[in-house]
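J.: Protein chains in written order, with UniProt numbering: chain G, 1 to 187; chain R, 1 to 187.
Got a structure for you, written out below as structure tokens; questions coming shortly.
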């Protein structure tokens, strides 16, 4: 027995070291992922008052970092500069050129009053922000409106139900052939 | 000696396992970083013909994915819609509101002919792409021009030296107080 016991201790020692180092492997391997997860923008707490009437659409977090699809200009009386951006699902769909847009697509149109550049007579630049308009594709949830939910926001808050009732009719009438989306990608 | 030899073997065994597992730790820990590095956009091979005269500025890869700083409009005769985007260094500098912009800042102005929307009388959308204009901050390399290198591209190729000679004078005269950058971030 006295000959076997040290042998057992050695084995336990080897096993313990191996397990400890394996645990270290797992932990260290996970660190970069855990850091990525911690740094990623989580789903923001959404107040119901921040969701659009009828559709329940909210302003998506981080949309200002999204890729530009196209700028635009709207004549008087709105007199605005605009820029439509999209999430990665939207960008991928535009690049593939396939319609309809897949569920999960989100488009955001930012808008500003047109303002004379103080440096150039010929240049017009963004003045005050006016509306943020959002389209969210969910073919089940929004089956009655071509798969799209709409949200129109002023100062971060949705406008009234009456205004939201006008979205679908116009998109349906004028952009049916492009899955009800007006914006084409800028070349 | 016959009693000591197996003891030595055990130790070598433990050492070997420990080293092997440590190597595994290091390798697995590095994998995510190596993958990130492999997936990151490397510096593209740049033909000298693609670099602007005087400054040697090229169109930065991936700029279409960069964050929007502001759209703009340019009246006739250019008659353009525009969008200025920036790399992360530029975006961080704008957000911090600190001037001058740090070395490594890159701004890209995309431009398109204004085009009547086929769906809306009041809407103007991007037509054909016209110029891509690039500003690169390198306070040593471009010390003679406020730290900025300029590139103006049509169809992916730089315009001539005469046109590039006009960049600095205008930026110097009209935008000195903002580190020679015209574009303000859209609110």
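Heads up, the beta-carbon is just placed ideally off N, CA and C, and yes, glycines get one too.
Just so we're clear, the structure is a prediction, and the values are computed from it rather than from any experiment.
In three-state terms, what does DSSP make of residue 69 of chain R?
T.: Note: residue 69 of chain R maps to strand in three-state DSSP.
J.: State the Cα-Cα distance for the pair residue 178 of chain G and residue 152 of chain R, rounded to the nearest angstrom.
T.: Using only the alpha carbons, I get a separation of about 34 Å.
J.: Does the beta carbon of residue 134 of chain G come closer than 9 Å to any beta carbon on chain R?
T.: Taking Cβ atoms only, chain R never reaches closer than 9 Å to residue 134 of chain G, which makes this a no.
J.: Just the Cα atoms here: how many angstroms apart are residue 143 of chain G and residue 184 of chain G?
T.: C-alpha separation (whole angstroms): 23 Å.
J.: Taking the alpha carbon of residue 59 of chain G as the point to measure from, which residue in G:145, G:28, G:149 has its own alpha carbon closest?
T.: The option with the nearest alpha carbon to residue 59 of chain G is G:149.
J.: Taking 9 Å as the CB-CB limit, is residue 12 of chain R close to chain G?
T.: Chain G contact via Cβ: absent.
J.: State yes or no: is the beta carbon of residue 24 of chain R nearer than 9 Å to at least one beta carbon in chain G?
T.: Taking Cβ atoms only, chain G reaches closer than 9 Å to residue 24 of chain R, which makes this a yes.
J.: Excluding the 5 residues flanking residue 146 of chain G on each side, which residues of the same chain have their C-beta closer than 6 Å to its C-beta?
T.: So the qualifying residues of the chain are 180.
J.: Counting only beta-carbon separations shorter than 9 Å, does residue 174 of chain G have a partner in chain C?
T.: The question asks about chain C, but that chain is absent: this structure's protein chains are G and R.
J.: Please classify residue 105 of chain R: is it buried, with 16 or more other beta-carbons within 10 angstroms of its beta-carbon, or exposed?
T.: Residue 105 of chain R comes out buried.
J.: Measure from the C-beta of residue 78 of chain R to each C-beta in chain G and report whether the shortest distance is under 9 Å.
T.: Cβ-Cβ to chain G under 9 Å: yes for residue 78 of chain R.
J.: Does DSSP put residue 17 of chain R in a helix, a strand or coil?
T.: If DSSP states are grouped into helix, strand and coil, residue 17 of chain R belongs with the helices.
J.: Which residue spans inside the UniProt domain "Cytochrome P460" (60-183) of chain G form an unbroken alpha helix (DSSP H) run of at least 4?
T.: Runs of the alpha helix (DSSP H) inside the UniProt domain "Cytochrome P460" (60-183) of chain G: 88-96, 161-174.
J.: Does the beta carbon of residue 182 of chain G sit closer than 9 Å to a beta carbon anywhere in chain R?
T.: Yes, its Cβ sits closer than 9 Å to a Cβ of chain R.
J.: To which residues of the same chain is residue 139 of chain G closer than 6 Å at the C-beta, ignoring the five residues directly before and after it?
T.: Only 103, 147 meet the Cβ criterion.
J.: Using the Cβ count rule (16 or more neighbours within 10 Å means buried), how would you classify residue 26 of chain R?
T.: Looking at its Cβ environment, which holds fewer than 16 other Cβ atoms inside 10 Å, residue 26 of chain R is exposed.
J.: Whole angstroms are fine: how far does the CA of residue 61 of chain R sit from the CA of residue 114 of chain G?
T.: Rounded to whole angstroms, residue 114 of chain G to residue 61 of chain R spans 31 Å at the Cα level.
J.: Using a Cβ-Cβ cut-off of 9 Å, state whether residue 18 of chain R counts as contacting chain G.
T.: Cβ-Cβ to chain G under 9 Å: yes for residue 18 of chain R.
J.: My output table needs one value for residue 52 of chain R: the three-state DSSP class, helix, strand or coil.
T.: The answer is coil: DSSP assigns residue 52 of chain R none of H, G, I, E or B.
J.: Between the segment 127-158 of chain G and chain R, which residues of the former have a C-beta closer than 7 Å to a C-beta of the latter?
T.: Flagged, chain order: 128, 129.
J.: Can you give me the C-alpha to C-alpha distance between residue 91 of chain R and residue 108 of chain R, rounded to a whole angstrom?
T.: Going by the C-alpha atoms only, they are around 12 Å apart.
J.: Mark residue 121 of chain G as exposed unless 16 or more other C-beta atoms lie within 10 angstroms of its C-beta, in which case mark it buried.
T.: Exposed.
J.: Using the C-alpha atoms, what's the distance from residue 135 of chain G back to residue 110 of chain R?
T.: Taking the straight line joining both Cα atoms gives about 25 Å.
J.: Tell whether a beta-carbon distance below 9 Å holds between residue 72 of chain G and residue 78 of chain G.
T.: The answer is no: Cβ separation not under 9 Å.
J.: Suppose you measure from the CA of residue 67 of chain G to the CA of residue 100 of chain G; what does that come to, to the nearest Å?
T.: The straight-line gap from Cα to Cα measures roughly 20 Å.
J.: I believe residue 112 of chain R touches residue 129 of chain R by the beta-carbon criterion, under 8 Å. Please report the beta-carbon distance rounded to the nearest angstrom.
T.: Sure, about 5 Å apart at Cβ, within 8 Å.
J.: Taking the alpha-carbon positions, what's the residue 49 of chain G to residue 156 of chain G distance?
T.: Distance between the alpha carbons of residue 49 of chain G and residue 156 of chain G: 10 Å.
J.: In or out: residue 133 of chain G buried (at least 16 other Cβ within 10 Å) or exposed?
T.: With 16 or more other Cβ atoms within 10 Å, it is buried.
J.: Under a Cβ-count criterion, where at least 16 other Cβ atoms within 10 Å of its own Cβ denotes burial, should residue 97 of chain G be classed as buried or exposed?
T.: Exposed is the call here.
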